Amino acid sequence: MKRLTLIFALIIFSIKYSIGCSCAGVYFCDYLNSEPDREKLFIKGKVLSHVEYSENNIAVYIEVFNKFRDDVGVTDTIKLFGSIYEAGCQINPYRFKVNSEIYLGMEVGTGFDIIDPDEEGDRYWSFGMVLCSTVTLGIENDIVRGRISEKDLIFEYPLELFESKLENCEYSNDELNKIRCSIGDYTVFPNPSNGEKIRLRNNNTFIGSGIREINVYTIDGRLKNQLKFRELPFQQIDLTIDDSGIYVLEVLCGEEKHYKKVIVKK
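Going by the UniProt record's numbering, the sequence shown opens with residue 1, and the numbers climb by one from there.
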């Protein structure tokens, strides 16, 4: 009985530890433009380095390139503190990879007390990051990724357009899908197929896809199969074609049409 009680206690402890910090994530643009009476900081910057004083006291240095909202007057390089144990609602600074460029937003009045052992600490604006009031966007292949805008649930956008739309959160899935679809770079694998599933892949660097429909035609133009998507799929779509033959895939992406030939040998 004692053993059973101990097991339940460990399970309960584990659950409490894993969900110790539970909150709805904020979106970068919405959070930036809300609550003018609260002190916030929204920047674009480059991750310079980390300093680990202990597992519960880790700092990350970030060089500030651009400020979209600065209610506190930060220095050109800032020093942010956190812990590897995020169950306590602190952010793990190792999330931020050295030499990466990021967008970072936070409410300054919600941080935790920091301990900076370095004598140089006064040179940098410092802050203890909290999960529930901090949002970070990454940049990869000239695409901004993360919780960008809640209105159309935007999680990625071209870097060249991102900052121009921040002021009014003018992000649009229609515009995003038009950009995704205009690239039109698709591959089919395996091709020829021996009867296994065929994978249609969109080779652009976006995670999402604007594909709304795929039609499978025989070589003489008969419609063999049709897939319509209520929710736009991701980059890879699996298809099954039962009979041997030569087929043409018609990919409808936004207003664009693209065609790929597929050979099935069983």
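Virtual Cβ for every residue (Gly too), placed ideally from N, Cα, C.
All of these numbers come straight from a predicted model, not from anything done at the bench.
Backbone CA spacing between residue i and residue j [nearest angstrom]
| i | j | result |
| --- | --- | --- |
| K97 | I263 | 44 Å |
| L153 | I143 | 16 Å |
| L50 | F229 | Leu is not the amino acid found at residue 50; the sequence shown has His there. Distance between the alpha carbons of H50 and F229: 44 Å. |
| V188 | F155 | 26 Å |
| G254 | F206 | 15 Å |
| S54 | P117 | 11 Å |
| V108 | D174 | 34 Å |
| D70 | I43 | 8 Å |
| I11 | E196 | In this prediction, I11 has a pLDDT of 34, which is less than 50 and means its spatial position is unreliable; what the coordinates show is noted afterwards. Near 42 Å, if we compare the C-alpha coordinates of E196 and I11. |
| residue 288 | R222 | Outside the displayed span of the chain (1 to 266) sits residue 288, for which this structure offers no information. |
| I91 | T110 | 13 Å |
| A59 | P36 | 28 Å |
Given residue i as reference, the closest of the options once Cα atoms are compared
| i | options | result |
| --- | --- | --- |
| L252 | D220, F206, I183 | I183 |
| L80 | E86, I62, D70 | I62 |
| I219 | R199, N203, Y259 | Y259 |
| residue 269 | G195, I179, E150, S133 | The structure shown does not extend to residue 269, since the chain spans only 1 to 266, so no value can be given for it. |
| E52 | K44, M106, I115, N66 | I115 |
| T75 | N92, R123, G82, M129 | R123 |
| V72 | Y94, G105, P190 | G105 |
| R199 | L249, Y94, E35, S244 | L249 |
| P192 | L159, D113, K266, K178 | K266 |
Same chain only: Cβ atoms within 8 Å of residue i, ignoring 5 sequence neighbours per side
| i | result |
| --- | --- |
| Y157 | I143, V144, I148, K165, Y171, L176 |
| Y247 | V216, Y217, T218, I219, K224, I241, K261, V262, I263, V264 |
| I30 | Note that residue 30 corresponds to Asp in the displayed sequence, not to Ile. Closer than 8 Å at Cβ, skipping near neighbours: S149, E150, K151, C169. |
Neighbourhood of residue i by C-beta, 6 Å cutoff - its chain only, sequence neighbours within 5 removed
| i | result |
| --- | --- |
| G25 | R147 |
| residue 279 | As displayed, the chain neither begins before 1 nor continues past 266, which places residue 279 out of reach and without an answer. |
| G45 | I62, E63, V64, F65 |
| E213 | K228, L252 |
Closer than 8 Å to chain B by CB, residue i
| i | result |
| --- | --- |
| D30 | The structure shown contains no chain B, having only a single protein chain. |
Close beta carbons around residue i, own chain, < 7 Å, minus the five adjacent residues each side
| i | result |
| --- | --- |
| N204 | R180, I183, D185 |
| S256 | Sequence inspection shows Glu at residue 256; the Ser mentioned does not correspond to that position. Hits under 7 Å: C181, S182, G184. |
Pair within 8 Å by beta-carbon distance, residue i and residue j
| i | j | result |
| --- | --- | --- |
| N236 | R201 | The sequence shown places Gln at residue 236, rather than the Asn named in the question. Yes, Cβ-Cβ distance for Q236 and R201 is below 8 Å. |
| V130 | F28 | no |
| L137 | Y103 | yes |
| N99 | S83 | no |
| E163 | I139 | no |
| request: For the region 6 to 92, list the alpha helix (DSSP H) runs that are entirely contained and at least 4 residues long, ordered along the chain. | output: 28 to 32
| query | Can you give, in chain order, each stretch of the beta strand (DSSP E) that sits fully within the region 159 to 204 and has at least 3 residues? | reply | 186 to 189, 198 to 202
| Start-end ranges of the beta strand (DSSP E) lying completely within the region 96 to 146, minimum 3 residues | Runs found: 101 to 107, 125 to 128, 134 to 140.
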